[in-house]
Each structure stands twice: as structure tokens, then as C-alpha cells.
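Here is the structure we will look at.
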């Protein structure tokens, strides 16, 4: 116990001088730095570094914010330019489509005009403006009527892709419009002739545009003379239709044991789904006769 106490006392005696020595060394260093100006210079450097770093940060943030605002503004300008170009493109496409449609219509009208000028009968070019939905679209409305000279039962033809074909006949006449019963209507009976064999039968339809036409009353004896693709034209009999207007091509021939006649299906020469312009014909009047009068 006496030895431990003596050691503690010695320790206590040693610690104060060491502490004082450390304090003196620190004070001497500070005084030395202050006297040489090093402490002050270091303080200024630290302050300058801190201030310049802050200013650099502010400049960086400001620059990025300005760049961002400029980018947003430029993006808005680009979007506006894009919208304008897109609108111009739409207008250009519309004009191109319109011009194409006009050219196509002009070609159709030119084709029709060339035919009507050389056609021997008095005729009236017309446009289909409606199809009757109450009759399976089998009735066609034209933009011509009694005011223009249209009369009931006048035949209606059309020229399509350079091919002349039978459309039907006028069923009803108004002042500025008329109703046409097309050849594909079940009630439209047309006297037709097989161009190759000269045999005559009766042609009508099944009631809709895409259906084949049916030719009846052709005797079985001519079966061996017929071929698919043979043309059937109007016979010109009964003065209902002029002669030799194409109706359709033979696409199918059916025989029945109990019937002495053939049932012949025809593919119409005209595509009625895309038909727009037609010609109403006055078979009672020739152009030369009208000019003489």
C-alpha cells in the first residue's frame, strides 16, 4: 500500500509539468506563425477558397438553370415548328389526294365524254347520287330528271375502264332526279344474246351488286358450243334496250334433267360497287334526227 501510494504521488507530480510543456509549445507555435504572417495568410486563403467555391457553385447552378430554360424554350419552338410542318404535310397530302381524285374524275369524264360524242343515240350523262337502302341497295338514284329530258324505261349504260356495259333502265322519274333499276335486280328482265352462238335468252339478277346475273331459256342443244368467258350482249328486241350492249361473261353453266333449258351464270362486265357515272340513253331518238329537227 505504501509503495502504490508513492507511485501515484510520483505520477501526479509528473503530469502538471508535461501539460504545461505542451501548452507552451502550442503558444510558441501560434506566436511564431503570427509574427511571420503565416497564420493570417492561411486564414485569408481559407476564406478566399470558401468564397470562390461558393461563387463557383452559384455560377454552375445559374448556368445549368439558364441552359435548362433555354432547352425548354427551344423544345417548345421545335414542337411548334414540328406542328407547322405536320400541318403542312397534311395539307400537302390532302392536296395530292384531291389532285389525284380530280385527275381520276377528269379521266372518267373524258372517257365518258368521248363515248357520248360518238354515240348514235341522244344521251344524258349522269351521276349516281344515291342507292336505296330499303331495297337491298338495288335501286340507283341519278342527278337527272324530267327537266333534263329523262323518261321512264330509258336504258342506262356506263363506260368503265374502256368497257361499255349495261346498267339497267329508268324506273321512276322526278323533276331533277330519277330512279334506276339495275340489271342485277331480280325484277329487271333484259333480252340477252350469246354473242358467239346468237342464241337469245332472258337475263336478270339476284338482287344485290356482287351477285352473278342469271340467263335462262337457252336450249341444251347449244351446250357443246358454249365456253366460259363467252360474252352476252343485249339483243335489241322489243325496243327496250339498244342492240349489242355488253351485259356479262359466262362464268357457270348448270343443266337439270327435268328442264330443257340451261341455267347460265354471268359475271357482269361492270363493277357496280365502284360505279359512279352513267349514261341515260334515249333509244327513240338518234342524234342525226334531233339535229335535223
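Numbering (UniProt numbering), first residue to last: 1 to 293.
Glycine included, every Cβ here is placed at the ideal spot set by N, Cα and C.
Extent of the continuous beta strand (DSSP E) run through residue 212: Here residue 212 refers to the residue found at position 212 when the chain shown is read from its first residue. Careful: residue 212 lies outside any beta strand (DSSP E) and carries neither H nor E.
Own chain residues within Cβ distance below 6 Å of residue 252, not counting five before or after: Locating residue 252 in the chain shown gives position 252, where the first residue counts as 1. Closer than 6 Å at the Cβ level, and outside the excluded window around residue 252, lie 265.
Status (buried if at least 16 other CB within 10 Å, exposed otherwise) for residue 224: One-based indexing of the chain shown puts residue 224 at position 224. Exposed, because fewer than 16 other Cβ atoms sit within 10 Å of the Cβ of residue 224.
For residue 166: DSSP bridge partner residues: The residue you call residue 166 lines up with position 166 of the chain shown. Residue pairing for residue 166: DSSP places it in a beta bridge opposite 157.
When 260, 247 and 256 are compared against residue 271, the one with the closest alpha-carbon: Reading the chain shown from its first residue, position 271 is the one you call residue 271. Closest option to residue 271, Cα to Cα, is 247.
Every unbroken beta strand (DSSP E) inside the region 205–280 [3 residues or more]: List check, beta strand (DSSP E) in window: 213–219, 231–234, 246–254 and 261–268.
Test item: CB-CB of residue 126 and residue 222 under 8 Å: The residue you call residue 126 lines up with position 126 of the chain shown. The residue you call residue 222 lines up with position 222 of the chain shown. In this structure, residue 222 does not lie closer than 8 Å to residue 126 by Cβ.
Buried versus exposed call for residue 198 [16 or more other C-beta atoms within 10 Å across all chains shown]: Against the chain shown, residue 198 aligns to sequence position 198. Result: exposed.
Inter-stretch contact at 8 Å, needing at least 3 Cβ pairs: the region 153–162 / the region 198–214: Segments in contact, no.
Beta-carbon gap between residue 220 and residue 255 smaller than 8 Å: Stepping through the chain shown from its first residue, residue 220 is reached at position 220. Stepping through the chain shown from its first residue, residue 255 is reached at position 255. Contact: yes.
Same chain, Cβ closer than 6 Å to residue 244, five either side skipped, listed in chain order: Position 244 of the chain shown, counted from the first residue, corresponds to residue 244. The residues are 233.
Residue closest to residue 191, alpha-carbon to alpha-carbon, out of 171, 172 and 213: Indexing the chain shown from 1 puts residue 191 at position 191. Nearest C-alpha to residue 191: 213.
Assigned secondary structure, residue 74 (DSSP; H/G/I helix, E/B strand, else coil): Position 74 of the chain shown, counted from the first residue, corresponds to residue 74. Of the three classes helix, strand and coil, the one that applies to residue 74 here is helix, per DSSP.
Option in 196, 283, 206 and 121 with minimal Cα separation from residue 237: Sequence index remark: in the chain shown, residue 237 carries index 237 (1-based). When only C-alpha atoms are compared, the closest one is 283.
CA-to-CA distance, residue 143 to residue 208, given in whole angstroms: Translated into positions along the chain shown, residue 208 becomes position 208. Translated into positions along the chain shown, residue 143 becomes position 143. Their backbone Cα atoms lie some 22 Å apart in a straight line.
Which of helix, strand or coil DSSP assigns to residue 177: If you number the chain shown from 1, residue 177 lands on position 177. Coil, per DSSP.
Under 8 Å between C-beta atoms of residue 280 and residue 124: The sequence position of residue 280 within the chain shown is 280, counting from 1. The sequence position of residue 124 within the chain shown is 124, counting from 1. Yes, they are a contact pair.
Nearest neighbour of residue 261, chosen from 285, 171, 217 and 241 [CA to CA]: What you label residue 261 is simply residue 261 of the chain shown in a count that begins at 1. Among 285, 171, 217 and 241, the Cα nearest to that of residue 261 belongs to 217.
Euclidean distance between Cα positions of residue 242 and residue 151: Mapped onto the chain shown, residue 242 falls at position 242. Mapped onto the chain shown, residue 151 falls at position 151. Using only the alpha carbons, I get a separation of about 16 Å.
Beta-carbon proximity check, residue 153 vs residue 170, cutoff 8 Å: Looking up residue 153 in the chain shown gives position 153. Looking up residue 170 in the chain shown gives position 170. Cβ distance < 8 Å, so residue 153 and residue 170 count as in contact.
Alpha-carbon spacing of residue 70 relative to residue 83, whole angstroms: To locate residue 70, count along the chain shown from 1; it is residue 70. To locate residue 83, count along the chain shown from 1; it is residue 83. Straight-line spacing of the CA atoms in residue 70 and residue 83 works out to 20 Å.
First through last residue of the beta strand (DSSP E) which encompasses residue 142: Working through the chain shown from its first residue, we reach residue 142 at position 142. Looking at the DSSP string, the run of the beta strand (DSSP E) that includes residue 142 is 140–142.
Presumed contact (8 Å Cβ cut-off) between residue 168 and residue 185, rounded CB distance: Walking along the chain shown from the start, residue 168 turns up at place 168. Walking along the chain shown from the start, residue 185 turns up at place 185. With 8 Å as the limit, residue 168 and residue 185 qualify as a contact, their Cβ atoms being about 7 Å apart.
Extent of the continuous beta strand (DSSP E) run through residue 121: Position 121 of the chain shown, counted from the start, is the residue given in the question as residue 121. First-last of the beta strand (DSSP E) with residue 121: 121–131.
Burial state of residue 118, where buried means 16 or more other Cβ atoms lie within 10 Å: Here residue 118 is taken as the residue at index 118 of the chain shown, counted from 1. So residue 118 ends up on the exposed side.
Rounded separation between residue 286 and residue 147 - CA only: Within the chain shown, the letter at position 286 stands for residue 286. Within the chain shown, the letter at position 147 stands for residue 147. When rounded, the distance between both Cα atoms is 20 Å.
DSSP three-state assignment for residue 150, whether helix, strand or coil: Working through the chain shown from its first residue, we reach residue 150 at position 150. If DSSP states are grouped into helix, strand and coil, residue 150 belongs with coil.
Segment limits, beta strand (DSSP E) that includes residue 193: Stepping through the chain shown from its first residue, residue 193 is reached at position 193. Taken as a continuous stretch (DSSP letters only), the beta strand (DSSP E) holding residue 193 covers 190–194.
Cβ pair residue 179, residue 139 closer than 8 Å: Within the chain shown, numbered from 1, the residue matching residue 179 stands at position 179. Within the chain shown, numbered from 1, the residue matching residue 139 stands at position 139. Cβ distance < 8 Å, so residue 179 and residue 139 count as in contact.
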